[in-house]
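S.K.: Pasting in a structure now, in structure tokens, and then I'll have a few things to ask.
2 protein chains.
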Amino acid sequence: MSEIDPMGPVQQAQPWSVDRVGIVGMGLIGGSIALDLTKQGTVVQALVHREVTAERARSRGLAQFVSTDPRCLQDCDLVILALPLESLLAPDQNLLMALPELAVVTDVGSVKAEVLQVWQDLHPRFVGSHPMAGTAEAGVDAGVTGLFCGRPWVSTPVAETDRSALEVIRQLALRLGSHWLIADAARHDQAVALISHLPVIVSAALLRAVGEERDPAVLDLAKRLASSGFADTSRVGAGNPALGTAMASRNTQAVLRALASYRWSLEQLEESILQGHWDQLEQELERTHRLRPHFLSE
Amino acid sequence: MSEIDPMGPVQQAQPWSVDRVGIVGMGLIGGSIALDLTKQGTVVQALVHREVTAERARSRGLAQFVSTDPRCLQDCDLVILALPLESLLAPDQNLLMALPELAVVTDVGSVKAEVLQVWQDLHPRFVGSHPMAGTAEAGVDAGVTGLFCGRPWVSTPVAETDRSALEVIRQLALRLGSHWLIADAARHDQAVALISHLPVIVSAALLRAVGEERDPAVLDLAKRLASSGFADTSRVGAGNPALGTAMASRNTQAVLRALASYRWSLEQLEESILQGHWDQLEQELERTHRLRPHFLSE
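Quick look at the structure:
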């Protein structure tokens with residue numbers, strides 16, 4: 002997969018050629034994109050699976066048009082596949098047939114290599130996207146305005162990616178207030194494994210370890226004494242189980258690589274403690290103390 | 002170490018027989034206790050090491066009297082040793098000689114077994130305490146009012162502990178608004194290893210693992226994409242390096258036991274991913290999802 006120069010010609014601003022945006026899925030991401038675009042005056046055509054979802058999306062005013070019929074996408078210049086990874090990777094045949102050949106098509110999936118592998122052959126103007134934003138909510142009631150404002154929007158074009166299609170996605174990201182980033186899909190997947198998927202496993206393992214405590218008096222005391230440090234470190238390990246599983250199952254190699262690096266890192270700290278090398282432990286903790294601010298750009 | 006029945010006679014409220022409280026050390030904990038007691042009208046005699054600290058403590062109004070001379074403790078009914086663990090475990094001879102034999106003496110250390118081992122023989126009315134409260138600040142400017150309000154105050158008496166001394170400490174904890182808890186010292190140390198010391202190592206190992214990424218493009222992307230999940234999971238691993246080291250060096254056996262349990266727990270999650278046992282992984286994440294609220298009593 003070739004890397005695209007982020008300073009290349011696609012960075013030049015161009016007028017947006019999009020009249021009608023189709024959004025497939027009205028969950029947190031789809032609904033939030035729909036709300037922002039609708040507010041900006043773009044015509045949004047939403048496609049959902051069930052009529053009850055369509056009704057709820059209409060009553061929330063997420064989009065001008067909401068339908069359960071894939072043919073509703075026929076006049077769209079841009080179609081955003083805001084589907085769960087599982088549906089995105091095994092797309093419905095009716096959906097595929099309904100995608101206009103000239104439309105730009107993008108997704109919002111949190112892993113990119115496997116998505117590209119599937120979608121590169123499915124549509125000539127597909128561009129991989131990962132808008133990095135979220136809340137703890139899900140479903141048709143989750144969408145909010147301004148979700149993407151100030152957040153990164155990573156796109157993962159390949160050498161064959163249609164440059165005008167990529168520009169349409171860049172304009173979309175900028176219209177939603179996102180920071181536009183271009184990355185190689187494999188590197189994107191490794192980076193999100195490290196900063197998003199690995200923390201879920203690390204944090205879940207902490208909860209498991211404490212939950213496995215055999216002495217009921219210690220466990221009871223642990224529950225009473227746990228405070229903000231434990232609350233913060235255990236937060237993402239107690240998140241949406243289906244989402245955590247999807248991350249691991251769809252980004253398996255990158256997550257395993259991140260876990261191997263983590264295990265090695267943990268073992269070195271453990272070794273300092275086992276050997277009583279307190280100066281070394283303190284130096285390591287000074288290093289992590291200095292390192293963290295580099296990851297807090299927000 | 003015998004367990005004390007928390008519903009036993011020491012739970013009965015009694016009038017506080019304390020006229021003058023000595024506090025050794027005016028850091029975050031000592032200064033905060035001094036502020037609250039002073040506000041309540043208790044006479045507080047503070048002992049600090051350096052004259053510059055004494056001046057700052059006076060100008061902040063932390064206590065009525067601030068001295069660098071240990072003899073200032075002579076009229077105190079209660080002396081609180083608000084010292085770093087290292088100083089607490091190797092106490093100054095002048096301090097020891099200055100402690101009135103009839104005074105109740107307590108500490109505020111975050112580990113208890115080793116503190117008891119040292120102090121049980123040093124003073125007849127010693128009671129081990131661990132007020133579980135803190136901020137990220139340290140030093141003579143760190144003390145704040147209300148720091149202990151609503152927070153646990155664990156005391157770790159042994160069979161030989163003077164019951165009237167224990168009652169004095171219980172009254173102190175209640176006056177500061179703390180939840181009073183009694184625990185066996187070894188169990189206390191195991192519980193704080195699990196919910197306080199283990200998270201520091203787990204979180205530091207995450208920062209180390211990400212920092213060790215060899216591909217500069219991945220590392221750069223990780224820095225740009227890291228968001229609240231990474232920020233929360235990495236927070237305690239980037240805390241005060243000296244404090245993290247002191248926890249590990251003073252609670253070594255409990256921390257190593259917690260780490261062994263953690264490693265096992267992590268390996269099981271890793272094994273599910275390696276084997277592609279996604280149902281099992283999802284079940285584990287459902288368990289951690291249900292488990293976490295039990296540790297959020299605040």
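Line by line, the protein sequences give chains A and B.
Going by the numbering used here, the first residue of the first sequence is number 2, and it counts up by one from there.
Going by the numbering used here, the first residue of the second sequence is number 2, and it counts up by one from there.
Ideal Cβ placement from N, Cα and C applies to all residues, glycine included.
Just so it is clear, the structure is predicted and the values come from calculations on it, not from any experiment.
Thinking just about the alpha-carbon of each residue, which of Gly144(B), Ala104(B), Leu97(B), Thr39(B) is nearest to the one in Val80(B)?
M.R.: Comparing Cα-Cα distances from Val80(B) to each of Gly144(B), Ala104(B), Leu97(B), Thr39(B), the minimum goes to Ala104(B).
S.K.: Tell me the rounded alpha-carbon separation between Glu161(A) and Asp190(A).
M.R.: Near 20 Å, if we compare the C-alpha coordinates of Asp190(A) and Glu161(A).
S.K.: Taking Pro85(B) as the reference, which of Ser179(B), Leu175(B), Ser250(B) has the closest Cα?
M.R.: Nearest C-alpha to Pro85(B): Ser250(B).
S.K.: The ligand ZN and Val19(B): does the residue's C-beta get closer than 7 Å to at least one heavy atom of that ligand?
M.R.: With respect to the ligand ZN, the structure shown offers nothing to examine, as it has no ligands at all.
S.K.: On a CA-only basis, which of Ile274(B), Leu82(B), Leu199(B) is nearest Arg258(B)? Give me that one, please.
M.R.: Of Ile274(B), Leu82(B), Leu199(B), the residue nearest in Cα terms is Leu199(B).
S.K.: Counting only beta-carbon separations shorter than 8 Å, does Lys113(A) have a partner in chain B?
M.R.: No, no contact with chain B.
S.K.: Taking 8 Å as the CB-CB cut-off, is Val256(B) touching chain A?
M.R.: It does; some Cβ of chain A falls within 8 Å.
S.K.: I'd like to know if Val145(B) contacts chain A, where contact means its C-beta is closer than 8 Å to some C-beta of that chain.
M.R.: It does not: the Cβ of Val145(B) has no partner Cβ on chain A nearer than 8 Å.
S.K.: Beta carbon of Val67(A), beta carbon of Val44(A): below 8 Å?
M.R.: Cβ atoms of Val67(A) and Val44(A): not closer than 8 Å.
S.K.: What is the DSSP secondary structure of Val21(B), counted as helix, strand or coil?
M.R.: Position check: residue 21(B) holds Arg in this sequence, whereas Val was assumed. Looking at Arg21(B) - three-state DSSP - the assignment turns out to be strand.
S.K.: Within 8 Å of any Cβ in chain B, is that where the Cβ of Leu282(A) sits?
M.R.: For Leu282(A), the answer is yes, since a Cβ of chain B falls inside 8 Å of its Cβ.
S.K.: For Val253(A), which three-state DSSP category applies?
M.R.: This sequence places Thr at residue 253(A); Val is not what is there. DSSP places Thr253(A) in helix when its eight states are reduced to three.
S.K.: Taking 8 Å as the threshold (C-beta atoms), are Arg293(B) and Ala137(A) in contact?
M.R.: Going by C-beta atoms, Ala137(A) is not nearer than 8 Å to Arg293(B).
S.K.: What would DSSP say about Thr69(A), mapped onto helix, strand or coil?
M.R.: Residue state, collapsed to three classes: coil.
S.K.: Classify Ala227(A) as helix, strand or coil using the three-state DSSP reduction.
M.R.: The answer is coil: DSSP assigns Ala227(A) none of H, G, I, E or B.
S.K.: Along chain B, in chain order, which residues have C-beta atoms closer than 7 Å to that of Gly140(A)?
M.R.: Within 7 Å Cβ-Cβ: nothing; Gly140(A) doesn't reach chain B, min ~17 Å.
S.K.: Mind checking Glu52(A): buried by the 16 CB within 10 Å criterion, or exposed?
M.R.: Label assigned to Glu52(A): exposed.
S.K.: Between the C-alpha atoms of Leu38(B) and Val112(B), what's the straight-line distance to the nearest angstrom?
M.R.: The straight-line gap from Cα to Cα measures roughly 24 Å.
S.K.: How long is the line joining the alpha carbons of Met248(A) and Pro242(B), rounded to whole angstroms?
M.R.: When rounded, the distance between both Cα atoms is 32 Å.
S.K.: Any idea if Gln1(A) is buried or exposed, counting beta-carbon neighbours within 10 angstroms, 16 or more meaning buried?
M.R.: Limits of chain A in this structure are 2 at one end and 299 at the other, which puts residue 1(A) out of reach.
S.K.: Hey, Pro75(B) and Pro101(B) are a contact pair by Cβ (cut 8 Å); roughly how many whole angstroms apart?
M.R.: Note that residue 75(B) is Gln in the sequence shown, not Pro. With a Cβ gap of about 6 Å, Gln75(B) and Pro101(B) count as contacting.
S.K.: Hey, could you find the ends of the beta strand (DSSP E) Ile30(A) is sitting in?
M.R.: Note, Ile30(A): premise wrong, no beta strand (DSSP E); alpha helix (DSSP H) at 29-40.
S.K.: Following the continuous beta strand (DSSP E) through Ile202(B), name the residue where it begins and the one where it ends.
M.R.: Element bounds for Ile202(B): not the beta strand (DSSP E) but the alpha helix (DSSP H), 199-212.
S.K.: Could you tell me whether any Cβ in chain B is nearer than 8 Å to the Cβ of Gly230(A)?
M.R.: So, interface residue.
S.K.: Are there three or more Cβ pairs, one per stretch, closer than 8 Å when the stretch 266-274 of chain B is compared with the stretch 202-210 of chain A?
M.R.: As far as the Cβ criterion goes, the stretch 266-274 of chain B touches the stretch 202-210 of chain A, which means the pair count is three or higher.
S.K.: Chain A partners of Ser130(B), CB-CB under 9 Å?
M.R.: Residues of chain A passing the Cβ test: none, with the nearest at roughly 13 Å.
S.K.: On the DSSP bridge assignment, give the partners of Thr107(A) in chain order.
M.R.: Per DSSP, Ile81(A), Val128(A).
S.K.: Quick one: is Pro217(A) buried, meaning 16 or more other Cβ sit within 10 Å of its Cβ, or exposed?
M.R.: Exposed.
S.K.: Could you confirm whether any beta carbon from chain A is found closer than 8 Å to the beta carbon of Arg1(B)?
M.R.: Because chain B here runs from 2 to 299, residue 1(B) falls outside it and cannot be looked at.
S.K.: Do you know whose CA, among Ser18(B), Arg152(B), Val211(B), lies nearest Leu297(B)'s CA?
M.R.: Of Ser18(B), Arg152(B), Val211(B), the residue nearest in Cα terms is Arg152(B).
S.K.: Which residues, taken in chain order from the stretch 169-186 of chain B, show a beta carbon closer than 9 Å to some beta carbon of chain A?
M.R.: Flagged, chain order: His180, Leu182, Ala184, Asp185.
S.K.: Taking the runs of the alpha helix (DSSP H) that are 4 residues or longer, which of them lie wholly in the stretch 141-206 of chain B?
M.R.: Listed in chain order, the complete alpha helix (DSSP H) runs (minimum 4 residues) inside the stretch 141-206 of chain B are 164-176, 186-193.
S.K.: By DSSP's criteria, Leu48(A) is part of a beta bridge. Which residues make up the other side?
M.R.: According to DSSP, Leu48(A) bridges with Val25(A), Ser68(A).
S.K.: At which residues does the alpha helix (DSSP H) containing Leu286(B) begin and terminate?
M.R.: Note, Leu286(B): alpha helix (DSSP H), 279-292.
S.K.: Output the distance between the C-alpha atoms of Pro158(B) and Ala186(B), rounded to the nearest integer angstrom.
M.R.: Those two C-alpha atoms are separated by around 8 Å.
S.K.: Ala58(B) and Val141(B) - do their beta-carbons sit closer together than 8 Å?
M.R.: In contact: Val141(B) and Ala58(B) (Cβ atoms closer than 8 Å).
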